[in-house]
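This report concerns only the one structure given below.
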Amino acid sequence: MITALRSACRSLPRPASAPAVILAAVFLLLGSVLPGPAARAQTAAGTTAMPAEKLPAGFRSATAKVNGTSLYYRTGGKGSAVLLLHGYAETGHMWLPVMAELAKRHTVIVPDLRGAGGSAKPAGGYDKKTMAQDVHALVAALGHDRAVVVGHDIGLMVAYAYAAQYPQETTKVVLMDAFLPGIGDWTTVWLLRDLWHFHFHGKTALALVQGRERIYFEHFWNDFAADPKRSLSEADRRFYAAAYAQPGGMRAGFEYFKTFEQDAKDFAGFGATKLAMPFLVLAGEKASGTFLIDQARLVAGNVDGQVVAGAGHWLMEEAPKTTIPALVAFVD
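Quick note: the sequence shown uses the working numbering, first residue 16, plus one each step.
Written as C-alpha coordinates, this is what we have:
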(Lines of atoms letter the chains of each structure in order from A and count residues from 1; the text may use other names and numbers.)
(Lines give C-alpha, C1' and ligand atoms only; values in the text may rest on other atoms or scores of the structure.)
Protein backbone atom coordinates (compact mmCIF):
# COMPACT_ATOMS: atom_id res chain seq x y z
CA MET A 1 0.00 0.00 0.00
CA ILE A 2 2.70 2.52 -0.79
CA THR A 3 3.10 3.70 -4.35
CA ALA A 4 -0.12 2.73 -6.08
CA LEU A 5 -2.60 3.90 -3.44
CA ARG A 6 -2.39 7.61 -4.19
CA SER A 7 -5.08 8.22 -6.74
CA ALA A 8 -8.29 8.39 -4.69
CA CYS A 9 -7.61 11.72 -3.03
CA ARG A 10 -4.95 13.22 -5.28
CA SER A 11 -7.12 16.22 -6.04
CA LEU A 12 -7.74 17.14 -2.41
CA PRO A 13 -6.07 20.21 -0.86
CA ARG A 14 -4.27 19.44 2.37
CA PRO A 15 -6.83 20.11 5.09
CA ALA A 16 -6.18 21.65 8.48
CA SER A 17 -8.03 19.04 10.50
CA ALA A 18 -9.07 15.39 10.55
CA PRO A 19 -12.78 16.24 10.06
CA ALA A 20 -11.86 18.19 6.96
CA VAL A 21 -10.04 15.15 5.59
CA ILE A 22 -13.08 13.01 6.20
CA LEU A 23 -15.58 15.45 4.72
CA ALA A 24 -13.48 16.20 1.65
CA ALA A 25 -12.87 12.53 1.03
CA VAL A 26 -16.53 11.67 1.45
CA PHE A 27 -17.61 14.32 -1.05
CA LEU A 28 -14.95 13.13 -3.49
CA LEU A 29 -16.02 9.51 -3.06
CA LEU A 30 -19.76 9.94 -3.06
CA GLY A 31 -20.28 13.40 -4.55
CA SER A 32 -23.97 13.87 -5.03
CA VAL A 33 -24.59 10.17 -5.68
CA LEU A 34 -27.92 8.97 -4.31
CA PRO A 35 -28.71 5.29 -3.92
CA GLY A 36 -30.74 3.82 -6.73
CA PRO A 37 -33.91 1.78 -6.24
CA ALA A 38 -32.04 -1.42 -5.38
CA ALA A 39 -29.90 0.32 -2.80
CA ARG A 40 -32.94 2.05 -1.29
CA ALA A 41 -34.71 -1.30 -1.06
CA GLN A 42 -31.65 -2.75 0.62
CA THR A 43 -31.59 0.11 3.14
CA ALA A 44 -35.29 -0.20 3.82
CA ALA A 45 -34.95 -3.91 4.43
CA GLY A 46 -31.90 -3.28 6.62
CA THR A 47 -29.54 -5.65 4.85
CA THR A 48 -29.01 -8.28 2.22
CA ALA A 49 -28.56 -11.94 3.10
CA MET A 50 -25.10 -13.44 3.38
CA PRO A 51 -24.34 -14.57 -0.20
CA ALA A 52 -23.90 -18.24 -0.96
CA GLU A 53 -20.64 -19.62 -2.30
CA LYS A 54 -19.70 -22.87 -3.97
CA LEU A 55 -16.87 -24.57 -2.12
CA PRO A 56 -14.32 -26.88 -3.76
CA ALA A 57 -15.05 -30.61 -3.59
CA GLY A 58 -14.24 -32.03 -0.18
CA PHE A 59 -14.73 -28.74 1.69
CA ARG A 60 -17.45 -27.98 4.18
CA SER A 61 -18.49 -24.86 6.07
CA ALA A 62 -19.54 -24.50 9.69
CA THR A 63 -19.64 -22.04 12.57
CA ALA A 64 -17.63 -22.36 15.79
CA LYS A 65 -17.97 -20.54 19.09
CA VAL A 66 -14.44 -19.54 20.10
CA ASN A 67 -12.85 -16.86 22.28
CA GLY A 68 -16.20 -15.35 23.20
CA THR A 69 -17.36 -14.90 19.61
CA SER A 70 -18.60 -16.95 16.65
CA LEU A 71 -16.53 -17.62 13.53
CA TYR A 72 -17.80 -18.94 10.22
CA TYR A 73 -15.18 -21.08 8.51
CA ARG A 74 -14.51 -23.43 5.60
CA THR A 75 -12.30 -26.47 5.93
CA GLY A 76 -11.14 -29.41 3.86
CA GLY A 77 -8.19 -31.69 3.16
CA LYS A 78 -5.98 -33.78 5.43
CA GLY A 79 -2.62 -33.27 7.04
CA SER A 80 -0.92 -30.35 8.77
CA ALA A 81 -3.00 -27.21 9.20
CA VAL A 82 -2.85 -24.16 6.92
CA LEU A 83 -4.79 -21.13 8.14
CA LEU A 84 -5.78 -18.59 5.46
CA LEU A 85 -6.76 -15.09 6.69
CA HIS A 86 -8.45 -12.56 4.43
CA GLY A 87 -8.23 -8.77 4.38
CA TYR A 88 -10.60 -5.81 4.29
CA ALA A 89 -13.25 -5.50 1.56
CA GLU A 90 -13.05 -9.29 1.19
CA THR A 91 -13.86 -12.42 3.24
CA GLY A 92 -12.44 -15.94 3.33
CA HIS A 93 -14.06 -16.28 -0.10
CA MET A 94 -10.89 -14.73 -1.58
CA TRP A 95 -8.96 -17.98 -0.99
CA LEU A 96 -11.21 -20.24 -3.11
CA PRO A 97 -8.69 -20.40 -6.02
CA VAL A 98 -5.95 -21.94 -3.85
CA MET A 99 -7.90 -24.04 -1.35
CA ALA A 100 -8.18 -27.24 -3.40
CA GLU A 101 -4.47 -27.28 -4.28
CA LEU A 102 -3.41 -26.81 -0.65
CA ALA A 103 -5.92 -29.44 0.48
CA LYS A 104 -4.03 -32.14 -1.45
CA ARG A 105 -1.43 -32.18 1.31
CA HIS A 106 -2.85 -30.12 4.18
CA THR A 107 -5.92 -29.43 6.26
CA VAL A 108 -7.02 -26.01 5.06
CA ILE A 109 -8.88 -23.72 7.47
CA VAL A 110 -10.42 -20.55 6.05
CA PRO A 111 -12.37 -18.40 8.52
CA ASP A 112 -14.19 -15.15 8.06
CA LEU A 113 -12.48 -12.90 10.60
CA ARG A 114 -14.38 -11.43 13.53
CA GLY A 115 -16.77 -8.87 12.05
CA ALA A 116 -16.68 -10.14 8.46
CA GLY A 117 -18.88 -12.32 6.28
CA GLY A 118 -20.65 -15.10 8.15
CA SER A 119 -18.84 -14.47 11.46
CA ALA A 120 -20.27 -12.58 14.43
CA LYS A 121 -19.93 -8.80 14.57
CA PRO A 122 -19.50 -7.96 18.26
CA ALA A 123 -19.02 -4.45 19.61
CA GLY A 124 -15.30 -4.85 20.27
CA GLY A 125 -12.28 -7.11 20.00
CA TYR A 126 -10.98 -5.82 16.64
CA ASP A 127 -7.40 -5.29 17.74
CA LYS A 128 -5.32 -7.81 15.84
CA LYS A 129 -4.00 -9.43 19.00
CA THR A 130 -7.55 -10.46 19.96
CA MET A 131 -8.45 -11.44 16.40
CA ALA A 132 -5.40 -13.72 16.37
CA GLN A 133 -6.64 -15.31 19.58
CA ASP A 134 -9.97 -15.95 17.82
CA VAL A 135 -8.43 -17.90 14.96
CA HIS A 136 -5.93 -19.67 17.20
CA ALA A 137 -8.86 -20.97 19.26
CA LEU A 138 -10.52 -22.11 16.03
CA VAL A 139 -7.42 -24.04 14.93
CA ALA A 140 -7.25 -25.69 18.36
CA ALA A 141 -10.96 -26.51 18.30
CA LEU A 142 -10.43 -28.30 14.99
CA GLY A 143 -7.77 -30.49 16.60
CA HIS A 144 -4.52 -28.85 15.47
CA ASP A 145 -1.67 -27.68 17.68
CA ARG A 146 0.50 -26.23 14.89
CA ALA A 147 -0.25 -24.33 11.70
CA VAL A 148 1.14 -22.41 8.77
CA VAL A 149 -0.50 -18.98 8.95
CA VAL A 150 -1.16 -16.96 5.78
CA GLY A 151 -2.63 -13.46 5.72
CA HIS A 152 -3.45 -10.76 3.19
CA ASP A 153 -4.04 -7.09 4.12
CA ILE A 154 -5.72 -6.97 7.58
CA GLY A 155 -5.24 -10.74 7.64
CA LEU A 156 -1.47 -10.37 7.55
CA MET A 157 -1.65 -8.24 10.71
CA VAL A 158 -3.64 -11.02 12.37
CA ALA A 159 -1.14 -13.58 11.04
CA TYR A 160 1.77 -11.71 12.59
CA ALA A 161 -0.07 -11.32 15.90
CA TYR A 162 -0.75 -15.08 15.81
CA ALA A 163 2.91 -15.96 15.25
CA ALA A 164 4.09 -13.49 17.89
CA GLN A 165 1.72 -14.86 20.54
CA TYR A 166 2.07 -18.54 19.60
CA PRO A 167 5.57 -18.97 18.14
CA GLN A 168 5.85 -22.62 19.14
CA GLU A 169 2.57 -23.38 17.36
CA THR A 170 3.36 -21.49 14.15
CA THR A 171 5.48 -23.37 11.62
CA LYS A 172 5.58 -20.77 8.82
CA VAL A 173 4.09 -17.34 8.08
CA VAL A 174 3.05 -15.71 4.80
CA LEU A 175 2.40 -11.95 4.73
CA MET A 176 0.74 -10.55 1.61
CA ASP A 177 0.72 -6.85 0.77
CA ALA A 178 -0.09 -4.30 3.44
CA PHE A 179 1.96 -3.22 6.45
CA LEU A 180 2.58 -3.93 10.14
CA PRO A 181 1.39 -1.17 12.49
CA GLY A 182 4.01 -0.14 15.01
CA ILE A 183 6.96 -1.61 13.11
CA GLY A 184 9.61 0.69 11.66
CA ASP A 185 8.39 3.80 9.86
CA TRP A 186 4.81 2.53 9.64
CA THR A 187 3.24 6.00 9.92
CA THR A 188 4.58 6.72 6.43
CA VAL A 189 1.64 4.59 5.31
CA TRP A 190 -0.90 5.24 8.05
CA LEU A 191 -0.78 9.02 7.71
CA LEU A 192 -0.71 9.18 3.91
CA ARG A 193 -3.30 11.77 2.94
CA ASP A 194 -4.45 9.48 0.12
CA LEU A 195 -5.29 6.71 2.60
CA TRP A 196 -8.12 8.64 4.26
CA HIS A 197 -10.09 5.43 4.84
CA PHE A 198 -7.83 4.52 7.78
CA HIS A 199 -9.43 7.44 9.63
CA PHE A 200 -12.98 7.09 8.25
CA HIS A 201 -15.25 5.53 10.87
CA GLY A 202 -18.03 6.40 13.29
CA LYS A 203 -21.73 7.22 12.98
CA THR A 204 -21.37 9.73 10.15
CA ALA A 205 -19.27 7.35 8.08
CA LEU A 206 -21.75 4.54 8.63
CA ALA A 207 -24.67 6.74 7.59
CA LEU A 208 -22.88 7.81 4.44
CA VAL A 209 -22.06 4.28 3.24
CA GLN A 210 -25.36 2.61 4.15
CA GLY A 211 -26.87 1.37 0.92
CA ARG A 212 -23.73 2.52 -0.91
CA GLU A 213 -21.34 -0.23 0.23
CA ARG A 214 -20.41 -1.08 -3.34
CA ILE A 215 -19.51 2.56 -4.12
CA TYR A 216 -17.23 2.70 -1.06
CA PHE A 217 -15.50 -0.59 -1.82
CA GLU A 218 -14.83 0.38 -5.44
CA HIS A 219 -12.22 2.78 -4.03
CA PHE A 220 -10.27 -0.19 -2.71
CA TRP A 221 -10.84 -2.61 -5.56
CA ASN A 222 -10.00 -0.08 -8.29
CA ASP A 223 -7.54 2.40 -6.77
CA PHE A 224 -5.38 -0.23 -5.07
CA ALA A 225 -5.04 -2.31 -8.22
CA ALA A 226 -2.31 -1.74 -10.77
CA ASP A 227 -5.08 -2.03 -13.38
CA PRO A 228 -8.75 -2.00 -12.24
CA LYS A 229 -9.60 -4.28 -15.18
CA ARG A 230 -7.39 -6.97 -13.66
CA SER A 231 -8.74 -6.54 -10.15
CA LEU A 232 -11.71 -8.32 -8.56
CA SER A 233 -14.34 -9.86 -10.82
CA GLU A 234 -17.86 -8.48 -11.02
CA ALA A 235 -19.19 -11.60 -9.27
CA ASP A 236 -16.76 -11.17 -6.39
CA ARG A 237 -17.57 -7.47 -6.07
CA ARG A 238 -21.25 -8.30 -5.69
CA PHE A 239 -20.41 -11.03 -3.18
CA TYR A 240 -18.33 -8.82 -0.92
CA ALA A 241 -20.64 -5.80 -1.10
CA ALA A 242 -23.53 -8.01 0.01
CA ALA A 243 -21.43 -9.63 2.75
CA TYR A 244 -20.49 -6.29 4.31
CA ALA A 245 -24.04 -4.92 3.92
CA GLN A 246 -25.22 -7.33 6.63
CA PRO A 247 -26.18 -5.81 10.01
CA GLY A 248 -23.04 -4.55 11.70
CA GLY A 249 -20.79 -5.41 8.76
CA MET A 250 -19.60 -1.92 7.87
CA ARG A 251 -19.29 -0.88 11.52
CA ALA A 252 -17.13 -3.93 12.21
CA GLY A 253 -15.00 -3.30 9.14
CA PHE A 254 -14.30 0.28 10.24
CA GLU A 255 -13.13 -1.11 13.59
CA TYR A 256 -10.23 -2.86 11.85
CA PHE A 257 -8.77 0.59 11.11
CA LYS A 258 -9.88 2.26 14.34
CA THR A 259 -7.71 -0.15 16.35
CA PHE A 260 -4.47 0.54 14.46
CA GLU A 261 -3.06 2.68 17.28
CA GLN A 262 -3.58 -0.17 19.76
CA ASP A 263 -2.19 -2.62 17.21
CA ALA A 264 0.91 -0.43 16.89
CA LYS A 265 1.51 -0.61 20.65
CA ASP A 266 1.00 -4.36 20.67
CA PHE A 267 3.21 -4.96 17.65
CA ALA A 268 6.00 -2.75 18.97
CA GLY A 269 6.07 -5.00 22.02
CA PHE A 270 5.95 -8.17 19.93
CA GLY A 271 8.73 -6.86 17.70
CA ALA A 272 11.19 -6.71 20.57
CA THR A 273 11.64 -10.47 20.08
CA LYS A 274 12.51 -11.61 16.57
CA LEU A 275 10.60 -14.64 15.36
CA ALA A 276 12.54 -17.65 14.13
CA MET A 277 10.06 -19.47 11.85
CA PRO A 278 10.34 -18.95 8.06
CA PHE A 279 8.46 -15.99 6.60
CA LEU A 280 7.41 -15.42 3.00
CA VAL A 281 6.43 -11.86 2.09
CA LEU A 282 4.59 -11.30 -1.19
CA ALA A 283 4.05 -7.67 -2.18
CA GLY A 284 2.71 -5.96 -5.27
CA GLU A 285 5.20 -3.92 -7.26
CA LYS A 286 2.58 -1.19 -7.64
CA ALA A 287 1.49 -1.37 -3.99
CA SER A 288 3.68 -2.24 -0.98
CA GLY A 289 6.83 -2.73 -3.03
CA THR A 290 9.67 -3.54 -0.64
CA PHE A 291 8.11 -1.78 2.38
CA LEU A 292 6.48 -4.84 3.94
CA ILE A 293 9.54 -6.98 3.21
CA ASP A 294 11.71 -4.49 5.11
CA GLN A 295 9.24 -4.46 8.00
CA ALA A 296 9.18 -8.24 8.19
CA ARG A 297 12.97 -8.33 8.47
CA LEU A 298 12.70 -6.14 11.56
CA VAL A 299 10.54 -8.73 13.35
CA ALA A 300 11.75 -12.05 11.91
CA GLY A 301 15.15 -13.56 11.21
CA ASN A 302 14.27 -15.82 8.27
CA VAL A 303 12.44 -13.79 5.63
CA ASP A 304 12.09 -14.50 1.92
CA GLY A 305 10.64 -11.47 0.15
CA GLN A 306 9.18 -11.40 -3.35
CA VAL A 307 7.86 -8.33 -5.18
CA VAL A 308 5.21 -9.46 -7.66
CA ALA A 309 5.94 -7.64 -10.90
CA GLY A 310 3.18 -5.50 -12.34
CA ALA A 311 0.72 -6.25 -9.53
CA GLY A 312 -1.09 -3.94 -7.17
CA HIS A 313 -2.59 -4.81 -3.80
CA TRP A 314 -4.94 -7.63 -4.91
CA LEU A 315 -2.33 -10.32 -5.47
CA MET A 316 -4.67 -13.31 -5.64
CA GLU A 317 -6.80 -11.61 -8.28
CA GLU A 318 -4.23 -9.56 -10.21
CA ALA A 319 -1.38 -12.06 -10.37
CA PRO A 320 -2.67 -15.57 -9.60
CA LYS A 321 -0.11 -17.25 -11.88
CA THR A 322 2.69 -15.83 -9.72
CA THR A 323 1.06 -15.64 -6.31
CA ILE A 324 -0.55 -19.07 -6.06
CA PRO A 325 2.51 -21.14 -7.08
CA ALA A 326 4.75 -19.12 -4.73
CA LEU A 327 2.30 -19.58 -1.87
CA VAL A 328 1.83 -23.31 -2.46
CA ALA A 329 5.56 -23.97 -2.84
CA PHE A 330 6.36 -22.18 0.40
CA VAL A 331 3.60 -23.89 2.38
CA ASP A 332 4.64 -27.31 1.06
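Don't be surprised by glycine CBs; every beta carbon is placed ideally from N, CA and C.
No experiment lies behind these values; they were computed from the predicted model shown.
Endpoints, beta strand (DSSP E) assigned at Lys187:
Thr185 to Met191 is the span of the beta strand (DSSP E), which, as asked, contains Lys187.
Between Pro66 and the rest of its own chain, which residues show a CB-CB distance below 7 Å, the 5 nearest in sequence each way excluded?
The answer, listed in chain order, is Phe254, Ala257 and Ala258.
Less than 8 Å between C-beta atoms, sequence neighbours within five positions excluded: which residues of the same chain meet that for Asp142?
Shown here for Asp142: same chain residues with a beta carbon closer than 8 Å to its own, the five before and five after excluded, namely Thr274, Gln277, Asp278 and Asp281 in chain order.
Hey, quick one: how far does the alpha helix (DSSP H) through Ile198 stretch, first residue to last?
Per DSSP, Ile198 belongs to no alpha helix (DSSP H) and is neither H nor E.
C-alpha gap between Ala147 and Gly268, whole angstroms
If I take the Cα positions, the gap works out to 16 Å.
Please list, in chain order, all residues of the same chain as Pro137 whose beta carbon is under 6 Å from its beta carbon, the five residues on each side excluded.
So the list reads Thr84, once near-sequence residues are dropped.
Between the beta-carbon of Leu153 and the beta-carbon of Leu171, is there less than 8 Å?
No Cβ-Cβ contact shorter than 8 Å links Leu153 with Leu171.
Considering only C-alpha positions, which residue in the set Met265, Gly325, Arg312 and His151 is nearest to Leu7?
With the chain covering only 16 through 347, there is no way to say anything about residue 7.
On a CA-only basis, which of Leu117, Lys244 and Ala291 is nearest Val343? Give me that one, please.
Val343 has its Cα closest to that of Leu117, out of Leu117, Lys244 and Ala291.
Option nearest Asn82 by Cα separation, candidates Gln321, Leu330 and Ala156
Restricting attention to Gln321, Leu330 and Ala156, the CA atom closest to the CA of Asn82 is found in Ala156.
Whole-angstrom distance between Thr338 and Met331, CA atom to CA atom
Each residue's Cα considered, the two are about 6 Å apart.
I need the DSSP call for Tyr255, collapsed to helix, strand or coil.
When DSSP states are grouped into helix, strand and coil, Tyr255 belongs to the helix group.
With respect to the alpha helix (DSSP H) encompassing Pro340, which residues constitute its N-terminal and C-terminal limits?
Counting along the chain, the alpha helix (DSSP H) containing Pro340 begins and ends at Pro335 to Val346.
As assigned by DSSP and simplified to three states, the class of Leu70:
Under the three-state reduction of DSSP output, Leu70 falls in the coil class, being neither helix nor strand.
Residues in its own chain within less than 6 Å of Ala334 by CB, not counting five upstream and five downstream?
Its chain contains Val323 and Ala326 as the residues whose beta carbon lies nearer than 6 Å to that of Ala334, once the 5 sequence neighbours on both sides are disregarded; these appear in chain order.
Who are the near neighbours of Ala348 in its chain, counting only those whose CB is closer than 8 Å to its CB and skipping five residues on each side?
This structure leaves residue 348 out entirely; the chain is present only between 16 and 347.
Leaving out the 5 sequence neighbours to the left and right, which residues in its chain are closer than 8 Å to Ile291 when beta-carbon positions are compared?
The sequence given here places Ala at residue 291; Ile does not occur at that position. If we look at Ala291 and ignore the five residues flanking it on each side, its Cβ neighbours are Pro182, Ala315, Gly316 and Asn317.
So, at 7 Å on beta carbons, what are the nonlocal neighbours of Arg120 in its own chain, with the 5 sequence-adjacent residues on each side left out?
Answer for Arg120: Gly94 and Asp347, listed in chain order.
Delimiting residues of the alpha helix (DSSP H) encompassing Lys80
For Lys80, no alpha helix (DSSP H) encloses it; the enclosing beta strand (DSSP E) starts and ends at Arg75 to Val81.
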